[in-house]
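What follows is one structure encoded as structure tokens, with my remarks underneath.
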Amino acid sequence: NAMIASLNDRSPERLRYATTHWSRDDDVRKALDQYLRLGDKVYNRTKLRLFTELVGDLRGRRILDYGGGAGITAIPYAKAGADVLIVDAESNALRTAEFYAKREGVLDHVFTLHSETLPPSLRREQFDVVLAKDVVQHMEDGEQFLHDLSQLQRPGGRLVLSTQNRRSLNYFIEATYQRRWCGNKQWMGWDKTH
Numbered sequence: 008n009a010m011i012a013s014l015n016d017r018s019p020e021r022l023r024y025a026t027t028h029w030s031r032d033d034d035v036r037k038a039l040d041q042y043l044r045l046g047d048k049v050y051n052r053t054k055l056r057l058f059t060e061l062v063g064d065l066r067g068r069r070i071l072d073y074g075g076g077a078g079i080t081a082i083p084y085a086k087a088g089a090d091v092l093i094v095d096a097e098s099n100a101l102r103t104a105e106f107y108a109k110r111e112g113v114l115d116h117v118f119t120l121h122s123e124t125l126p127p128s129l130r131r132e133q134f135d136v137v138l139a140k141d142v143v144q145h146m147e148d149g150e151q152f153l154h155d156l157s158q159l160q161r162p163g164g165r166l167v168l169s170t171q172n173r174r175s176l177n178y179f180i181e182a183t184y185q186r187r188w189c190g191n192k193q194w195m196g197w198d199k200t201h
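Numbering (the working numbering), first residue to last: 8 to 201.
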């Protein structure tokens, strides 16, 4: 996911993915192809399956996908009958999501909002489900991030999130490889935003 800034981060500078990252590619077809290849990895397929089980029936539900990138979660949810708002800090990611939604025939059910912080207008909204897939590890203040997202839930709504951490199997394997085999003692994750 491309959402990197904290919901309360007022700093004009934020860490960004490298210019070679799919979210920074102006060619939406190429970006979507790269994005979907990443989404097809076991790690992402497993998370998406778990998210879908946790969310349940999607028909008629209103969903916020915070840091939703190009819609790997949002587009299938829209196809299942939900209205989804994707908020992301990378405008190219959102253009890619709109292209993806149009390609899948759900553009009327997918809305995008480009923002590096939680916009004041969104604070008045309520959602049945608030998603944050692999976003919290990018936040300076994870506790505040979770509090802010919880305020966007309707009573009885769900907050579904995931993160990679030092106990994740994929992180453990990669960290061991990077730190012990490659001698990269400063390795902290797959990119500088982790």
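Even glycine gets a Cβ: it sits at the ideal position worked out from N, Cα and C.
Grab the span of the alpha helix (DSSP H) containing residue i for me, first residue to last.
| i | result |
| --- | --- |
| residue 157 | 149 to 157 |
| residue 59 | 49 to 62 |
| residue 44 | 35 to 46 |
Taking Cβ positions, are residue i and residue j nearer each other than 8 Å?
| i | j | result |
| --- | --- | --- |
| residue 82 | residue 107 | yes |
| residue 100 | residue 91 | no |
| residue 140 | residue 54 | yes |
| residue 69 | residue 155 | no |
| residue 42 | residue 79 | yes |
| residue 170 | residue 143 | yes |
| residue 65 | residue 89 | yes |
| residue 87 | residue 104 | no |
| residue 128 | residue 96 | no |
Rounding to the nearest angstrom, what Cα-Cα distance links residue i and residue j in this structure?
| i | j | result |
| --- | --- | --- |
| residue 30 | residue 161 | 30 Å |
| residue 189 | residue 117 | 43 Å |
| residue 14 | residue 158 | Low per-residue confidence applies at residue 14: pLDDT is 36, beneath 50, and the placement is therefore not dependable, though the value from the model is reported in the following sentence. Spanning the two alpha carbons is a distance of roughly 12 Å. |
| residue 62 | residue 166 | 9 Å |
| residue 137 | residue 28 | 25 Å |
| residue 202 | residue 184 | Examination of residue 202 is not possible in this model, given that the chain is present from 8 through 201 alone. |
| residue 94 | residue 130 | 13 Å |
| residue 44 | residue 110 | 17 Å |
| residue 16 | residue 152 | In this prediction, residue 16 scores a pLDDT of 35, lower than 50, which makes its location untrustworthy; the coordinate-derived value is nonetheless stated afterwards. So the alpha carbons of these two residues sit roughly 10 Å apart. |
| residue 52 | residue 192 | 30 Å |
| residue 73 | residue 26 | 22 Å |
Which residues mark the beginning and the end of the beta strand (DSSP E) in which residue i is found?
| i | result |
| --- | --- |
| residue 139 | 134 to 140 |
| residue 101 | Residue 101 -> not in any beta strand (DSSP E); alpha helix (DSSP H) instead, spanning 98 to 110. |
| residue 72 | 69 to 73 |
| residue 83 | Note, residue 83: premise wrong, no beta strand (DSSP E); alpha helix (DSSP H) at 81 to 86. |
| residue 95 | 90 to 95 |
| residue 119 | 117 to 121 |
| residue 162 | 160 to 169 |
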